Amino acid sequence: INRGLTILPGVNLPKAPNPDTLLNPTWTVYNTRDTGGMIRGEYDLNDKWMAYATAGMSKTEYNTLGAAKTEIQNEAGDIKFNIAHLGFKYERKSAEVGLRGKFDTGTVKHALAFNATHYRETDDESGIRQGFPEGDRITNIYNPNWGSKP
Numbered sequence: 001i002n003r004g005l006t007i008l009p010g011v012n013l014p015k016a017p018n019p020d021t022l023l024n025p026t027w028t029v030y031n032t033r034d035t036g037g038m039i040r041g042e043y044d045l046n047d048k049w050m051a052y053a054t055a056g057m058s059k060t061e062y063n064t065l066g067a068a069k070t071e072i073q074n075e076a077g078d079i080k081f082n083i084a085h086l087g088f089k090y091e092r093k094s095a096e097v098g099l100r101g102k103f104d105t106g107t108v109k110h111a112l113a114f115n116a117t118h119y120r121e122t123d124d125e126s127g128i129r130q131g132f133p134e135g136d137r138i139t140n141i142y143n144p145n146w147g148s149k150p
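When we follow the working numbering, the leftmost residue of the sequence shown carries the number 1, and every step to the right adds one.
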């Protein structure tokens with residue numbers, strides 16, 4: 001959620017904080033889970049024709065809570081931020097079937113393939129950005145106090 005600091009227009013860049021300073025709340029949460037699988041099979045119908053099929057699926061779940069829209073307000077290093085909660089679930093399914101073969105018509109040799117493919121993706125996104133009751137919070141890059149987890 002916190003993709004770095006921005007700076008308020010017209011404000012000079014303050015001195016950099018100690019590199020060991022965490023510029024994200026200690027209670028920030030990022031959870032990601034990916035699962036997936038695939039299967040493929042083929043069958044020789046005879047010495048010239050082969051049928052095949054493939055199917056697969058994957059699922060991604062993501063959930064995060066942390067600081068967002070973090071902006072330096074002045075040369076003293078005060079920063080304004082708000083809290084965001086974002087999540088999504090993606091599910092992808094695909095399948096493919098086909099037939100591949102060879103045949104001759106007189107002296108002319110042919111290769112032929114038939115194929116059908118299906119793909120479907122669904123997503124369910126949720127989130128709150130700038131919608132927590134306490135609104136914006138203020139802390140400082142030199143001595144951050146992010147407050148309690150909402």
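All C-beta atoms, glycine included, are put in the ideal place defined by N, C-alpha and C. For clarity, every value in this text was computed on a predicted model and none was experimentally measured.
Residue burial classification, residue i (beta-carbon count within 10 angstroms, cutoff 16)
i: Pro144; result: buried
i: Gly66; result: buried
i: Pro25; result: buried
i: Ile72; result: buried
i: Thr122; result: exposed
Secondary structure of residue i, DSSP reduced to three states
i: Ala113; result: strand
i: Ala84; result: strand
i: Lys15; result: coil
i: Ala95; result: strand
i: Leu75; result: Per the sequence shown, residue 75 should be read as Glu rather than Leu. Glu75 falls in the coil class under three-state DSSP.
i: Lys149; result: coil
i: Glu125; result: strand
i: Thr21; result: coil
i: Thr152; result: Since the displayed the chain opens at 1 and closes at 150, residue 152 lies outside it and no answer follows.
Residue i - containing beta strand (DSSP E), residue span
i: Trp49; result: Trp49 to Ile72
i: Asn31; result: Val29 to Asp44
i: Arg3; result: Careful: Arg3 lies outside any beta strand (DSSP E) and carries neither H nor E.
i: Leu139; result: One point to set straight first is that residue 139 is Thr, not Leu, in the sequence displayed. Here the beta strand (DSSP E) through Thr139 covers Arg137 to Asn140.
Chain D within 8 Å of residue i, Cβ atoms only
i: Thr21; result: No chain D appears in this structure, which consists of one protein chain only.
Cβ pair residue i, residue j closer than 8 Å
i: Lys170; j: Ala111; result: Residue 170 falls outside the range modelled here, since the chain spans only 1 to 150, and no answer is possible.
i: Met38; j: Lys93; result: no
i: Ala68; j: Ile79; result: no
i: Gly152; j: Tyr62; result: Lying outside 1 to 150, the shown extent of the chain, residue 152 is not represented and no answer is given.
i: Pro30; j: Thr60; result: It is worth fixing the name first, because residue 30 is Tyr in this sequence and not Pro. No, the Cβ-Cβ distance between Tyr30 and Thr60 is not below 8 Å.
i: Ala51; j: Leu45; result: yes
i: Asn12; j: Glu75; result: yes
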